Amino acid sequence: MSTVRRPLVAVLVALAVVGSTAACAPEPTTHLLTGAGSVAQESAPKAATGGAPAGVATAAEDCADGRPAVASLDPDGDPEVTSGSTMAAIREHGALRVGVSADTLLMGSRNPFTGDIEGFDIDVARQIADAILGDPDKIEFRVITSGDRETVLAEHAVDVVTRAFTINCDRWENIAFSAEYYHAGQKLLVPSTSKVAGIDDLEGQRVCAPEGTTTLERLGEWEGVEAVPAATHTTCLVLFQQGEVDAITGDDTVLAGFAAQDPYAKVVGDAVSDEPYGVGIPADQPDMVRFVNGVLEDMVAGGQWEESYDRWLGDALGPAPAAPDPVYGRTP
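Residue numbers (this note's numbering): -4 to 327.
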């Protein structure tokens, strides 16, 4: 098994080097998916951690105000850029500043050949930029870590964050969220020849998860499973390709990126956690929250959401599910 997979590890290392080099260059742009069809987009580099740890929040979680964590502000009609609004200020600036990942394959990652950042999260950002500025390419990317997401919003260093950002009540204390635009969940990555179809088939198997995550904590509760901690999801992937572990567990979005890199791997199982992703927005900009929610509704209604899913996640995760139904009722 390790002999077969070793060449793929070399590919991963090469992609990581290219991605690190490209990170020093000015942020590029990619193209927007349209309802009538997709404009050519460039493909991505190494996979990485991405997203919040599995189990941080669930879609059913209620906050102190009695509203579900995923409840956002009603868009109040079609998104419009009105005088004096947050969106008007962005238009005056000339670009939408967006916090993103550059190494979460299929969600937000840098193409090792072109240097462009692309993925499902990036398509969402481009829809917002197009709605405000009339041009999906008018974006200033800021590559951030998972730990940076709340800070850059609280400091107004960016206008929005689209980085596999799980909505939960604690985060609502510091920032605001759009309605949920993608529902992720913890699943398994196994060899394509494996007979494992879910957690019940893992007895005696070595399963990897990143250290210091609730993913690893949950893994430790699975009876008969040998939990193998690693520094990052990418480290888990290297162990997997070397035959040192039998499976990896994590958000299905992260695992889909791994499967896209490795023809000897597949994503299996039902989700064992709820990870509702939302667009992060500064807490003092409710008009921007309403505007983004209108953009997301248009993205779903116009077919761009499904088209983006098919492009980036369909091969690894199967046919597009229904887009999450927006939940409103929160007040500024």
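Each residue gets a CB set at the ideal place from its N, CA and C atoms; glycine is no exception. As the structure is a computational prediction, the values presented were derived from the model and not from experiment.
Relative to Asp279, the option among Thr146, Ala124, Thr140 and Ile170 whose CA is nearest is Ile170. Glu175 sits in coil when the DSSP states are folded into three classes, being neither helix nor strand. Assignment of Ala296 by DSSP, reduced to helix, strand and coil, places it in the helix class.
Secondary structure note for Thr244: its beta strand (DSSP E) is the uninterrupted segment Ala242 to Asp246.
Here DSSP, grouped into helix, strand and coil, assigns Val287 to helix. CA-to-CA, the gap between Ala66 and Asn288 works out to about 11 Å. Contact between the stretch 254 to 267 and the stretch 134 to 151 is not established, with fewer than three Cβ pairs separated by less than 8 Å.
Contact between Arg121 and Gly94 is absent: CB atoms are separated by about 14 Å, not below the 8 Å threshold. Taking a contact as a CB-CB distance under 8 Å, the pair Thr81 and Gly252 does not count as one, their CB atoms being some 32 Å apart.
Check the Cα spacing between Gly297 and each of Pro277, Ala318, Gly309 and Val284: the tightest is with Ala318. Taking a C-beta distance under 9 Å as the contact criterion, Pro74 and Tyr323 do not qualify as a contact pair. The residue from Leu91, Ala90 and Asp118 with its alpha-carbon nearest to that of Gly103 is Asp118. Around Asp282, the same chain offers Ser80 and Thr81 as residues with beta carbons nearer than 6 Å, after the five sequence neighbours per side are excluded.
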